[in-house]
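In terms of numbering that gives the first Met the number 0, the sequence shown is residues 0 to 440.
Have a look at the structure below, then the notes.
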Amino acid sequence: MNLIYACVFYQESYITLLELLIKSIAIKGWINKSSTDILVFTSPSFIEKIKATLLPFDLPLKFCVLDINTLMESSCCKLRIFDYEHIELYEKILYLDTDVLINNDLNRLFDIQIRNDKLYALEEGDINHEFWGAQFFDYSKYDRNKKAFSAGVFYFMNSPDMKGLFTDVRNHIQKYIDVDKNCVPVCLDQPFLVYNSFISNKYDNQMMKLYLENNPKSVDSKIIYHFPGAPGHYSSKHSKMTAFWDKITQYVTIFDSRTEMIKYYCQKVQSPTVLEIGVFNGDFLKYIVQNCSVGSIDGVDLFEGVTCSGDQDGNNVVYCDVSKSYTELQRLYKDSPSVNLYKSDSGTYLSSKPDNFYDIIYIDGDHSYNGVKRDLIQAYLKIKPGGYIMGHDYEMNMKKAKTVYHFGVNQAVDEFCKIYNQKIIAKGLDGCVSYVIRITK
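Encoded structure:
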């Protein structure tokens with residue numbers, strides 16, 4: 000099991016930041032709910048409001064209530080993760096500050112093999128500044144220009160090494176502040192965590208550069224965006240997060256081709272049930288069968304007479320007797336029970352299937368406005384909540400296409416998204432561009 004955890008204490012306004020974080024996990028994080036839990040540490044005075052705020056999100060949420068009242072205690076709560084009564088259930092653990100947004104598949108991070116003796120965090124600053132432990136380092140032993148890291152997001156194994164590190168940090172904080180009566184550092188627990196990680200060589204501040212960015216300017220493929228600023232300054236964090244969340248939700252993931260696109264989304268669902276509307280000579284269906292781990296795939300087409308089609312770019316037009324294609328495909332897949340071909344119009348075929356049946360439906364049949372509109376409306380009924388409706392020929396990419404084609408796909412798809420409150424989340428940039436809609440019901 001994996002664990003994601005966050006802490007909300009001291010300022011009630013930070014519940015709003017937590018809501019943004021959890022919303023981003025729900026919409027963009029793609030977490031496997033059977034193998035990943037989300038834990039929120041909070042106070043007795045906040046717990047009921049937090050539960051009510053997070054109630055709309057279908058996520059495996061857990062809560063731990065602690066009596067914490069000061070800003071320093073609030074920040075240090077992250078170090079108490081090994082005191083959680085169910086910590087033994089988890090193998091990999093990801094800590095997130097509340098001023099964080101998730102932009103991409105968190106499973107990518109949990110799939111990485113990491114070491115038991117390293118805390119993985121993002122490079123930031125250097126140890127020559129008190130934000131990162133300058134008050135503690137002996138520069139006769141350490142290069143004062145050595146790069147440090149941010150304590151706002153970190154990833155680690157549930158291991159004796161990490162438990163020991165967190166214990167050392169907590170003991171250091173207690174001695175420095177409670178025993179020696181020093182002032183609380185501006186960056187709270189961060190300098191202590193950096194210093195103790197350095198002296199025990201239990202940190203890695205490079206790997207997370209691939210997955211995490213602080214105060215981003217534009218949306219890319221990073222998984223985690225962190226919006227650090229002065230500790231406790233809610234308004235500036237909230238402004239940055241809400242503005243960037245608008246950017247994330249408007250962002251469309253771009254793939255070089257529809258083959259790359261379909262392969263990616265087939266990996267999002269375990270053994271997906273797939274339907275292709277408009278098989279033609281079966282080239283795309285063959286690609287899916289050979290390259291995507293599908294549970295089953297159905298292909299429906301009229302399979303009557305001679306028709307023509309270009310390749311994925313709209314080039315190299317060929318004429319094909321699709322009745323012969325049907326015979327050849329039936330022969331090719333006669334011993335493959337997971338591959339089924341149906342000679343039918345799409346409307347009749349879809350009407351015969353139960354609602355919420357398919358994980359992925361790829362529409363590439365009748366390209367007229369009315370034909371695409373009909374297929375989309377019926378596909379909406381047959382696709383599972385959270386499934387994907389995709390299709391070909393949404394628009395032209397003239398970097399690859401040699402000819403402009405005028406179909407009714409674009410108008411039908413845009414109207415469908417508006418009426419059914421859906422949105423295109425990705426495109427495959429062949430000459431004839433494909434689209435992806437993740438269906439919410």
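Where is the CB? At the ideal position from N, CA and C, for every residue including glycine.
Query, Result
"Going by DSSP in three states, Tyr233 sits in which element: helix, strand or coil?", "helix"
"If we count the other Cβ atoms within 10 Å of its Cβ and call it buried at 16 or more, is Lys143 buried or exposed?", "Note on identity: in this sequence residue 143 is Arg, with Lys being the wrong assignment. Result: exposed."
"Scan the stretch 95–177 and note each continuous alpha helix (DSSP H) run of 4 residues or more that stays entirely inside, going in chain order.", "106–109, 159–172"
"Can you check whether the CB of Ile359 is closer than 8 Å to the CB of Tyr444?", "Residue 444 is absent from the structure shown; the chain starts at 0 and stops at 440."
"What's the gap between the Cα of Lys510 and the Cα of Val168?", "Nothing about residue 510 can be read from this structure; the chain reaches only from 0 to 440."
"Using DSSP with H/G/I as helix, E/B as strand and the rest coil, what is Asn195?", "helix"
"Around the Cβ of Ser270, are there at least 16 other Cβ atoms within 10 angstroms (buried) or fewer (exposed)?", "exposed"
"Which word fits Gly132, buried or exposed, when buried means at least 16 other C-beta atoms lie within 10 angstroms of its C-beta?", "buried"
"Determine the contact status of Phe279 and Ser256, defining contact as a CB-CB distance below 8 Å.", "no"
"How do the stretch 300–320 and the stretch 385–404 stand: do at least 3 beta-carbon pairs fall below 8 Å, yes or no?", "yes"
"My parser needs the alpha helix (DSSP H) runs of 4 or more residues fully inside the stretch 17–56; what are they?", "46–53"
"Suppose the cutoff is 8 Å on Cβ atoms and the five residues either side in sequence are ignored; what does the same chain contact list for Val152 look like?", "Leu93, Tyr94, Leu95, Asp96, Val99, Ala120, Leu121, Met207, Leu211, Ile223, His225"
"Kindly give me the distance between the Cβ atoms of Leu54 and Tyr9, rounded to whole angstroms, as I take these residues to be in contact under 8 Å.", "With 8 Å as the limit, Leu54 and Tyr9 do not qualify as a contact, their Cβ atoms being about 23 Å apart."
"Can you check whether the CB of Thr252 is closer than 8 Å to the CB of Ala425?", "yes"
"Which term fits Asn102, buried or exposed, when burial requires 16 or more other beta carbons within 10 angstroms of its beta carbon?", "buried"
"Between the Cα of Gln205 and those of Asp282, Tyr83, Ala51, Ile113, spot the shortest distance and give me the residue it belongs to.", "Ile113"
"In angstroms, rounded to a whole number, what distance separates the CA positions of Pro336 and Gly298?", "13 Å"
"Have a look at Cys75 and Lys162 and give me their C-alpha separation to the nearest angstrom.", "14 Å"
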